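Accompanying notes for the structure given below.
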Amino acid sequence: MTFLLFSMAFAGLAGLFFLAGEKLSFRKILLAGLLLRLAVFPFAPQWSDDFVRFLWDGELLKIGQNPYDQTPREWQEGNIDPDNAYRNLLFENLNSPDYYSVYPPLNQAIFWLGAQASMGFVWNGYYVLRLVLLLGEIGVFILLWKLLMAFQFSAKRIFWYWFNPLVIMEVTGNLHFEGLVLLFLLASLLAIQKQKIGLSGGFWGLAIGMKLLPMMLGPAFLAFGKSRKSVWFWVGTTLAAIVCFIPILIDESWVNFAQSIKLYQGKFEFNASIYYFLREVGYWIEGYNTIAFLTKILSLSTVILIGYFSWKRKPKTLHELVDLMVLIYLVYLLLQPVVHPWYILPALGLCVIRGKLTFLLWSFGAIFSYQAYGNADFQEQYIFLILEYGLVVLGIYLDYFSKRNKTT
Numbered sequence: 087m088t089f090l091l092f093s094m095a096f097a098g099l100a101g102l103f104f105l106a107g108e109k110l111s112f113r114k115i116l117l118a119g120l121l122l123r124l125a126v127f128p129f130a131p132q133w134s135d136d137f138v139r140f141l142w143d144g145e146l147l148k149i150g151q152n153p154y155d156q157t158p159r160e161w162q163e164g165n166i167d168p169d170n171a172y173r174n175l176l177f178e179n180l181n182s183p184d185y186y187s188v189y190p191p192l193n194q195a196i197f198w199l200g201a202q203a204s205m206g207f208v209w210n211g212y213y214v215l216r217l218v219l220l221l222g223e224i225g226v227f228i229l230l231w232k233l234l235m236a237f238q239f240s241a242k243r244i245f246w247y248w249f250n251p252l253v254i255m256e257v258t259g260n261l262h263f264e265g266l267v268l269l270f271l272l273a274s275l276l277a278i279q280k281q282k283i284g285l286s287g288g289f290w291g292l293a294i295g296m297k298l299l300p301m302m303l304g305p306a307f308l309a310f311g312k313s314r315k316s317v318w319f320w321v322g323t324t325l326a327a328i329v330c331f332i333p334i335l336i337d338e339s340w341v342n343f344a345q346s347i348k349l350y351q352g353k354f355e356f357n358a359s360i361y362y363f364l365r366e367v368g369y370w371i372e373g374y375n376t377i378a379f380l381t382k383i384l385s386l387s388t389v390i391l392i393g394y395f396s397w398k399r400k401p402k403t404l405h406e407l408v409d410l411m412v413l414i415y416l417v418y419l420l421l422q423p424v425v426h427p428w429y430i431l432p433a434l435g436l437c438v439i440r441g442k443l444t445f446l447l448w449s450f451g452a453i454f455s456y457q458a459y460g461n462a463d464f465q466e467q468y469i470f471l472i473l474e475y476g477l478v479v480l481g482i483y484l485d486y487f488s489k490r491n492k493t494t
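Rendered as structure tokens:
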């Protein structure tokens with residue numbers, strides 16, 4: 087049923103794109119997308135319980151505790167309070183009670199807002215988180231529209247993000263913060279377009295502060311002339327990063343934060359592509375799961391490839407910079423052992439600007455990964471992985487190897 091509804095939504099999106107004229111109403115499109123998001127607003131998040139950890143971390147901040155100091159289990163065992171039904175409910179529903187928080191301080195500030203509004207009710211907390219994300223989505227729409235106008239591209243391209251069912255489900259529905267990452271990345275690009283280079287660096291720093299992943303775009307900015315040659319770009323980035331991360335730098339919190347990120351990179355696997363292939367080769371050669379070795383090799387390969395493509399492409403225009411940023415996301419996600427559907431959303435938004443297809447097709451193919459969420463231990467089936475990544479391969483061919491890539 088989920089696949090059918092998702093497919094129908096995508097079919098409607100495609101029909102809307104091809105039937106719409108070139109003269110579009112900013113307000114009508116904005117309102118239509120908002121109505122779709124408001125339709126899921128009343129419902130609890132589905133397929134992902136990450137929001138429970140968001141509210142847990144926020145609760146600790148609300149009472150003046152550091153969410154990086156202890157794991158939830160350690161904190162709960164040392165602060166047993168049978169009368170605090172809300173906090174006990176959150177703890178019972180955590181999916182990672184034995185891990186330190188991996189969410190950066192800027193993320194934590196939003197969790198604190200959710201906790202302040204919760205008043206002992208989970209839905210109050212996630213409604214506030216949802217409202218923040220909805221406001222961020224409005225910002226994404228405005229920035230995408232401005233960039234498309236500045237580049238003189240068809241405004242219809244915005245449909246592929248604004249009406250995309252994966253975006254609506256994962257940002258507004260499941261409360262994932264990749265939408266805010268995209269907001270800051272788009273703001274950084276628009277600032278460059280307006281020759282406000284220092285401000286651009288600041289927005290990139292905020293994107294890093296929201297999720298660490300945009301840090302991998304550093305080689306792209308180093309290769310791009312306007313940012314590489316501007317001291318103010320790097321000053322802006324540094325100042326924003328310091329403001330975002332100073333809460334964990336002034337004490338030992340960064341140690342636990344880094345430990346959890348390292349553990350996450352070397353222990354978990356989900357919805358991967360190249361990693362799964364190499365894992366099977368490892369089983370065949372060694373007879374056991376070689377994840378500890380593979381993650382190190384793939385991480386090194388990711389760094390090398392990102393550096394190589396940045397050096398090779400040396401973007402001279404903002405168009406070329408966006409293309410390189412999309413390619414960096416593609417390299418990273420193809421080599422990762424964990425690829426949740428919402429990970430692709432920043433790259434999808436960047437793809438919209440340039441009319442690339444890889445992440446658009448991936449946003450449809452991602453629905454195949456959801457079958458694992460309904461299985462015990464998130465058991466995956468290879469047929470669904472093949473279907474998903476078959477669409478990704480098709481997108482890569484169309485964007486990078488076909489005649490089409492010379493016209494976009």
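One rule links them: number in the numbering used here = place in the sequence shown (from 1) + 86. Backbone N, C-alpha and C fix where the C-beta goes; we use that ideal spot for every residue, glycine too. Here the structure is a predicted model, which means the values were calculated and not measured.
Check whether residue i and residue j have beta carbons under 8 Å apart
i: leucine 233; j: leucine 266; result: no
i: leucine 477; j: tryptophan 448; result: yes
i: leucine 220; j: arginine 139; result: no
i: tryptophan 258; j: glycine 291; result: Looking at the sequence shown, residue 258 is not tryptophan but threonine. Taking 8 Å as the Cβ cut-off, threonine 258 and glycine 291 do not qualify as a contacting pair.
i: phenylalanine 450; j: alanine 458; result: no
i: leucine 380; j: arginine 365; result: yes
i: leucine 147; j: glutamine 194; result: yes
i: leucine 420; j: phenylalanine 395; result: no
i: tyrosine 456; j: threonine 157; result: no
i: leucine 404; j: leucine 275; result: yes
i: aspartate 184; j: arginine 159; result: yes
i: glutamate 264; j: leucine 443; result: no
i: glutamine 422; j: tyrosine 361; result: yes
i: glutamate 145; j: leucine 110; result: no
i: tyrosine 172; j: glycine 206; result: yes
i: tyrosine 213; j: serine 359; result: no
i: asparagine 342; j: tyrosine 186; result: yes
i: leucine 141; j: alanine 201; result: yes
i: glycine 373; j: cysteine 330; result: no
Same chain, Cβ closer than 6 Å to residue i, neighbours up to 5 away in sequence not counted
i: glutamate 338; result: none
i: isoleucine 439; result: Leu233 and Val408
i: valine 218; result: Ile196
i: methionine 411; result: Leu303, Ala306 and Leu436
i: phenylalanine 356; result: Val424
i: proline 333; result: Pro191
i: alanine 106; result: Lys242
i: asparagine 181; result: Asp135
i: glycine 288; result: Gly322 and Ala326
i: glycine 368; result: Thr376
i: glycine 225; result: Leu269
i: glutamine 162; result: Phe177
i: leucine 99; result: Phe249
i: isoleucine 482; result: Thr444
Residue i versus the options, residue with shortest Cα-Cα distance
i: phenylalanine 227; options: Phe249, Leu147 and Leu285; result: Phe249
i: alanine 433; options: Gly291, Phe343, Asp143 and Tyr418; result: Tyr418
i: aspartate 155; options: Arg314, Gln345 and Trp290; result: Gln345
i: glutamine 238; options: Phe331, Met301, Ile332 and Gly441; result: Gly441
i: proline 251; options: Val479, Leu446, Ser359 and Ile469; result: Leu446
i: proline 427; options: Trp133, Ala100, Ala97 and Pro128; result: Trp133
i: glutamine 281; options: Ser313, Leu308 and Phe177; result: Ser313
i: alanine 277; options: Gly295, Met301, Leu230 and Met296; result: Leu230
i: isoleucine 283; options: Gly311, Lys382 and Gly295; result: Gly311
i: isoleucine 392; options: Phe363, Leu215 and Pro300; result: Pro300
i: lysine 353; options: Gly295, Ala378 and Phe331; result: Ala378
i: asparagine 496; options: Ile149, Asn165, Phe137 and Trp198; result: Past the boundaries of the shown model lies residue 496; the chain is included only from 87 to 494, so the question cannot be answered.
i: leucine 335; options: Asn152, Phe104, Met235 and Leu141; result: Asn152
i: alanine 130; options: Gly119, Asp167, Leu215 and Ala97; result: Leu215
i: serine 240; options: Lys382, Phe103 and Cys330; result: Phe103
i: tyrosine 468; options: Phe363, Ala236 and Tyr374; result: Phe363
Beta-carbon contacts of residue i that lie in its chain and below 7 Å, excluding the five residues immediately before and after
i: tyrosine 350; result: Val188
i: glycine 480; result: The sequence given here places leucine at residue 480; glycine does not occur at that position. Leu447, listed in sequence order.
i: phenylalanine 92; result: Pro251 and Ile453
i: leucine 285; result: Ala277 and Gly322
Strand pairing of residue i, partner residues [DSSP]
i: phenylalanine 356; result: Val424
Beta-carbon proximity list for residue i, same chain, < 8 Å, skipping 5 on both sides
i: valine 126; result: Ile254, Met255, Thr258 and Gly259
i: proline 128; result: none
i: alanine 309; result: Ser396, Trp397, Arg399, Lys400, Pro401 and Leu410
i: lysine 297; result: Pro190, Asn193, Phe263, Glu264 and Val267
i: serine 488; result: none
i: tryptophan 209; result: Ala130
Checklist entry - For the 8 Å Cβ check, are there 3 or more pairs between the segment 317-325 and the segment 371-391? => result no
Next on the checklist: Between the segment 108-116 and the segment 240-248, can you find at least three pairs of beta-carbon atoms closer than 8 Å?
Outcome noted: yes
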